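Take the sequence shown: its letters are residues 1295 to 1656, numbered as in our numbering.
Beta carbons are placed, not taken as given, at the ideal position from N, Cα and C, and that holds for glycine.
Predicted model, so just to flag it, every value in this text is computed and none were measured.
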Amino acid sequence: MEMVGERAEEAKLEVVLVARKGGFGLPTACPVCLPVYCHLRFANVDFKLEFDRANPDSGTSIFAASLLLLPLLLPSTLMFSYTCSDHIPYVEYGDYVTFNNEKGGVIECLNEDNVVKLDSQLSKDCFPDWASTKVMISTWLAEAVQYELWVSCDNTIADDIYFSDLPWPIGKILHWKQTQAVKQLHGITKLNAAEKEEGIYRKANIAYEALSMKLGSEVFFFEGRPTSVDSLFLGHAVFVLHVLPETSVLRSSLLKHANLLRFVQDLKIRLLEDSHSSAMGPAFSSDASSSSVPRRKGSKQNAKPKPKEKRERTEEEKAFRRRAKYFIAAQVVSIVIYLSILGGMGDSGLEDGDEDGLAYEE
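Laid out in structure tokens, this is it:
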């Protein structure tokens, strides 16, 4: 680990990676968070992993309030999408914070700000090849994952990663909104969907072939040591192999390259499985809402809990419960009406989009 500054060494400041929650046997199931996690592990940074609980796609703190004020909040909630919360992941280091949507992402910021310098010892001779490889992973392969996650694959995978804690209607609306955003980003319409898909997978296949040739029989991609290229590809490949379904075209393409699979398997055991299996250790820690509390073993004599005396509700409590039931029923009706209106607007919007004569670049 290369961290700069005497103040950091003296104070021994804690590094915190804030990411989306884990799943699929991984410390974090987010395809954007995994490379940052791998990068810190490659740099031997002793960091704590926490899960973001303040955003609608990964936490629960906003949900109760959003349900109570649903008729007012629903239009603005629909505007929220994955692209609007792309500050996750982010890294905290004392009073230093870097977000994913800042100047190239967390990994780039950590390097430029001299916080974690995994690429500092690269020679000038390999820099052009290293830079082009990094861009290829960050664009062609990242776009392919985005396409499979939001367009071609089953909805349950993205829902498990981003919306599992949300109420079902809001999760479905946000998923639909993000799918439309990804289609718009790639210029996908009903008329060119097959052509766009072919182009996305063609570039991904070229990227895998180039990476396989570059890696060869080496352990790392450049100069026998880990760089940000290794972090980016390991995070990408682990997500593809462990999260995407067996029917995934991208997964099938990656499985064709034995040396890339060896790279993933060796480093996954070293960087991910060890830290994930010791989840309560210093290298991996969840947030306060999921932290464990020491359990006291009850004695055999007190195995059966004493029944609590039933307290009679006051008139105020009874009235409040009645009003709450009526209020929840009103929210359900408002959701159904809004979804009906939204469905009609979405259909007309797609028809107009296909007939507007706009041409999208490859």
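For E1386, the secondary structure class from DSSP, reduced to helix, strand or coil, is strand. Take the alpha-carbon of L1548 and the one of L1343: they are about 28 angstroms apart. Linking V1400 to W1462 through their CA atoms gives a straight-line distance of about 31 angstroms. Following the DSSP letters along the chain, one finds K1562 in no beta strand (DSSP E), marked with neither H nor E. Counted as a single uninterrupted DSSP element, the stretch harbouring F1318 is not any alpha helix (DSSP H), since DSSP gives it neither H nor E. Per DSSP, the beta-bridge partners of A1313 are F1345.
In the displayed model, T1521 falls within coil according to three-state DSSP, outside both helix and strand. Distance from the Cα of E1442 is smallest, within the candidate group F1457, K1490, L1485, for K1490. Sequence-distant Cβ neighbours of E1503 in its own chain, meaning closer than 8 angstroms and more than five residues away, are H1551. For I1494, the enclosing alpha helix (DSSP H) starts and ends at 1487–1509. Segment contact: the stretch 1524–1543 against the stretch 1551–1560, three or more CB-CB distances shorter than 8 angstroms; contact assigned. By the CB criterion at 9 angstroms, L1412 and P1329 fall outside the cutoff.
The beta carbon of V1543 sits closer than 8 angstroms to the beta carbons of E1442, S1446, Y1495 from its chain, once the five residues preceding and following it are set aside; these are given in chain order.
DSSP places E1540 in no alpha helix (DSSP H); its state is neither H nor E. Within a 10 Å sphere around the beta-carbon of F1457 sit 16 or more other beta-carbons, which makes this residue buried. C-alpha of C1332 to C-alpha of V1558: approximately 11 angstroms in a straight line. Using a Cβ distance threshold of 9 angstroms, L1311 and P1383 count as a contacting pair. Shown here for V1385: same chain residues with a beta carbon closer than 6 angstroms to its own, the five before and five after excluded, namely L1311, T1392, V1400 in chain order. In the DSSP annotation of this structure, the continuous segment of the alpha helix (DSSP H) that includes E1402 starts and ends at 1400–1406. By the Cβ neighbour-count rule, D1346 is buried, with 16 or more other Cβ atoms within 10 Å of its own. Between the alpha carbons of E1406 and L1416 lies a gap of roughly 14 angstroms. The criterion of a C-beta distance shorter than 9 angstroms is not satisfied by V1532 and R1545. Each residue's CA atom was taken as its position, placing G1317 and P1325 some 11 angstroms apart. Rounded to whole angstroms, P1539 and V1476 show a C-alpha spacing of 20 angstroms. Assignment of F1516 by DSSP, reduced to helix, strand and coil, places it in the strand class.
Taken atom to atom, the span from the alpha-carbon of F1421 to that of V1630 is near 55 angstroms.
Under the three-state reduction of DSSP, T1392 is assigned to strand. Less than 9 angstroms separates the beta-carbon of V1309 from that of F1341. Assignment of E1308 by DSSP, reduced to helix, strand and coil, places it in the coil class. In the structure shown, I1482 adopts coil according to DSSP, grouped into three states.
Residue state for T1427 is assigned as helix, using DSSP reduced to three classes. Ranking V1409, S1511, I1455 by CA distance to the CA of N1338 puts V1409 first. In this structure, the alpha-carbon of Q1478 lies about 12 angstroms from that of Q1440.
No residue range can be given for Y1456, since it is assigned to no alpha helix (DSSP H) and is classified by DSSP as neither H nor E.
In the DSSP annotation of this structure, the continuous segment of the alpha helix (DSSP H) that includes C1332 starts and ends at 1327–1336. For V1445, the three-state secondary structure derived from DSSP is helix.
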